[in-house]
Amino acid sequence: MQVGILGAGNIGGNLAKKLRAAGHQIMVGVRDPHSLKAQAAQASGDVTGTFAEAAQFGDVVVVALPLHAARELLPTLNLTSTIVLDTTNAFGDLPDGFASASAAIQAWSGSSRVAKVFNATPWEALADPIYQGKRVETFICGDDAEAKALAMQFARDVGFTPIDLGGLANAPLSENFARLWGTLAMQRGYGRDFAFTIVERK
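Numbers 1 to 202, taken from my numbering, label the letters of the sequence shown in order.
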């Protein structure tokens, strides 16, 4: 599948590497295709282009940008009929009128085919999702069945166990997990290299 990834940071870069290894065709969209970040992505084997080129290239588009950058960019792209996978979080206040970052992404992109995925997992888990011998989980929600199924498949491709949270109205649950992770990592001394997992009593 052709995947356009908007953003070449830690999330976008690691997703590009893992999805490419799983057999997908990847184009990473960046603001400046001649920037050092773009050159680093190219050195890793990624094809880079402008944001618009990556959006046009992808059968599915992954938003791996800070929320403020997504707000500026997404309305300029033609994503109305495109599956959009949202990895964003609002670590400050949510944009006015929106219950979640995903609701904002849906409105700004104009697409009704939005699924939330990979937002509550640090980039270290994207690079290696095995912790103490266990494949960790990533949460997924969305209203479009095809978008959600694709998010579930991408989660497996990257190496996670996908957990279906239901509709996009449940995106705040996953986004609050990201806030909890950030608090533990940055304020409570856990550092970055940990992830949440589910342990069931059999």
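We put the beta carbon where it would ideally sit given N, CA and C, even for glycine.
Exercise. Can you have a look at Asn176 and say buried or exposed, based on whether 16 or more other CB atoms are within 10 angstroms of its CB?
Key: As a working mapping, residue 176 is identified with position 176 in the sequence shown. With fewer than 16 other Cβ atoms within 10 Å, it is exposed.
Practice problem: Please say whether Ala21 and Ile5 have beta carbons closer to each other than 7 Å? | Solution: The count along the sequence shown starts at 1 and reaches residue 5 at position 5. The count along the sequence shown starts at 1 and reaches residue 21 at position 21. No; because the gap between Cβ atoms is not below 7 Å, this pair is not in contact.
Quiz item: With distances taken between CB atoms, is the gap from Ala185 to Arg192 smaller than 7 Å?
Solution: Working through the sequence shown from its first residue, we reach residue 185 at position 185. Working through the sequence shown from its first residue, we reach residue 192 at position 192. Yes.
Quiz item: Does the count of Cβ pairs from the segment 26-35 and the segment 52-64 closer than 8 Å reach three?
Solution: yes
Practice problem: Using 10 angstroms around the beta-carbon of Glu200, count the other beta-carbons present and answer buried if the total reaches 16, otherwise exposed. | Solution: Within the sequence shown, numbered from 1, the residue matching residue 200 stands at position 200. That one is exposed.
Quiz item: What are the start and end residues of the beta strand (DSSP E) that includes Lys116?
Solution: Numbered from 1 along the sequence shown, position 116 holds the residue referred to as residue 116. Here the beta strand (DSSP E) through Lys116 covers Val114 to Lys116.
Self-check item: Reduced DSSP category for Asp157 - H, G, I as helix; E, B as strand; rest coil
Solution: Walking along the sequence shown from the start, residue 157 turns up at place 157. Note: Asp157 maps to helix in three-state DSSP.
Quiz item: Given that a residue counts as buried once 16 or more other Cβ atoms are within 10 Å of its Cβ, and exposed if not, what is Gly97?
Solution: The count along the sequence shown starts at 1 and reaches residue 97 at position 97. Looking at its Cβ environment, which holds fewer than 16 other Cβ atoms inside 10 Å, Gly97 is exposed.
Quiz item: Measuring CB to CB, does Phe160 end up less than 7 Å from Pro122?
Solution: Taking the first residue of the sequence shown as position 1, residue 160 is located at position 160. Taking the first residue of the sequence shown as position 1, residue 122 is located at position 122. No, Cβ-Cβ distance for Phe160 and Pro122 is not below 7 Å.
Self-check item: Ile105 in three-state terms, based on DSSP
Solution: Sequence index remark: in the sequence shown, residue 105 carries index 105 (1-based). Correct three-state label for Ile105: helix.
Quiz item: Who are the Cβ neighbours of Ala99 in its own chain at under 7 Å, not counting the five residues just before and after it?
Solution: Against the sequence shown, residue 99 aligns to sequence position 99. So the qualifying residues of the chain are Pro172.
Self-check item: Rounded distance between the beta-carbons of Leu77 and Leu65, thought under 8 Å
Solution: Against the sequence shown, residue 65 aligns to sequence position 65. Against the sequence shown, residue 77 aligns to sequence position 77. The pair is not a contact, with the Cβ atoms about 12 Å apart (cut-off 8 Å).
Practice problem: Using three-state DSSP, classify Ser1 as helix, strand or coil. | Solution: Counted from its first residue, the sequence shown places residue 1 at position 1. It should be pointed out that residue 1 corresponds to Met in this sequence rather than to Ser. Coil.
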